[in-house]
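Shown next, in structure tokens, is the structure this report addresses.
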Amino acid sequence: MIKNFNVSFISAEETRPVRFRVLWPHKPNANECVIDIDHASGARHIGASDVEGQQVGVCSLFDQRSDRFPSAIPLTDSVYRLRVMGTIPEVRGEGAGAAIIDFACAWCRQTGVEWLWCDAREVAFGFYQKMGFDFVSGPYQVPNIGTHRMMARKL
Numbered sequence: 004m005i006k007n008f009n010v011s012f013i014s015a016e017e018t019r020p021v022r023f024r025v026l027w028p029h030k031p032n033a034n035e036c037v038i039d040i041d042h043a044s045g046a047r048h049i050g051a052s053d054v055e056g057q058q059v060g061v062c063s064l065f066d067q068r069s070d071r072f073p074s075a076i077p078l079t080d081s082v083y084r085l086r087v088m089g090t091i092p093e094v095r096g097e098g099a100g101a102a103i104i105d106f107a108c109a110w111c112r113q114t115g116v117e118w119l120w121c122d123a124r125e126v127a128f129g130f131y132q133k134m135g136f137d138f139v140s141g142p143y144q145v146p147n148i149g150t151h152r153m154m155a156r157k158l
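Per our numbering, the very first residue in the sequence shown carries number 4; after that it's consecutive.
What follows is the structure, given as structure tokens:
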């Protein structure tokens with residue numbers, strides 16, 4: 004069942020509990036769920052909350068081109084990277100992830116970004132494909148996490 008979620012920009016610190024629970028449970032605690040560029044210029048963090056105001060999904064956006072596959076997107080095009088996206092298991096399939104992607108893409112388009120890309124986990128390939136992302140690399144391994152592929156969406 005698709006539900007309504009409130010999607011908005013949040014602080015990097017507000018992403019940590021969902022990052023810990025969904026993406027990095029192997030870390031000691033939520034305070035360790037930090038990315039070195041969380042506070043970089045141009046960084047944006049997005050959260051989806053339920054009707055009670057509980058954060059149920061998050062992602063972060065960075066003004067960053069792929070180091071692993073630099074030519075996957077034309078070098079003359081403006082890009083943003085989608086990272087550390089996740090939704091808590093209780094709301095999967097209810098539209099929180101889609102609402103986050105829609106919000107992120109709308110913001111990117113408004114700011115002149117032409118592509119949104121991510122390093123997608125194997126378990127999320129189908130979700131990103133449904134959201135309009137295409138594979139732009141073969142599979143590769145991320146230590147402690149598993150198989151990934153670069154995916155991108157032309158905005």
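Ideal Cβ placement from N, Cα and C applies to all residues, glycine included.
Among the options, the one whose alpha carbon lies nearest that of residue i
i      : options                       : result
Val21  : Trp110, Ser63, Leu119, Lys157 : Ser63
Ala33  : Ile40, Val25, Asp39           : Val25
Ala127 : Val54, Ile104, Cys108         : Ile104
Ser14  : Pro28, Gly45, Pro31           : Gly45
Gly89  : Lys157, Cys121, Leu158        : Cys121
Arg156 : Ser81, Glu17, Glu125          : Ser81
Leu3   : Pro92, Glu16, Arg124, Phe106  : Nothing about residue 3 can be reported from this structure: the residues present for the chain run from 4 to 158 only.
Outcome for residue i when other beta-carbon atoms lying within 10 angstroms are tallied against a minimum of 16
i      : result
Phe12  : exposed
Ile148 : exposed
Val145 : exposed
Thr150 : exposed
Thr114 : exposed
Arg19  : buried
Gln57  : exposed
Leu78  : exposed
Check: residue i C-beta below 7 Å from any heavy atom of the ligand SAH
i     : result
Ile49 : The ligand SAH is not part of this structure, which contains no ligands at all.
Other residues of its chain near residue i: CB distance less than 7 Å, five sequence neighbours each side excluded
i     : result
Tyr83 : Leu64, Phe65, Asp66, Cys111, Val116, Leu119
Ala43 : Phe65
Integer-rounded CB distance, given that residue j should sit under 8 Å from residue i
i      : j      : result
Phe130 : Gly100 : 6 Å
Val61  : Ile49  : 7 Å
Beta-bridge partners of residue i, as assigned by DSSP
i      : result
Met154 : Cys121, Phe138
Phe72  : According to DSSP, Phe72 bridges with nothing at all.
Gln144 : Thr150
His48  : Ile13, Ser63
Arg84  : Phe65, Trp120
Same chain only: Cβ atoms within 8 Å of residue i, ignoring 5 sequence neighbours per side
i      : result
Gly141 : Arg152
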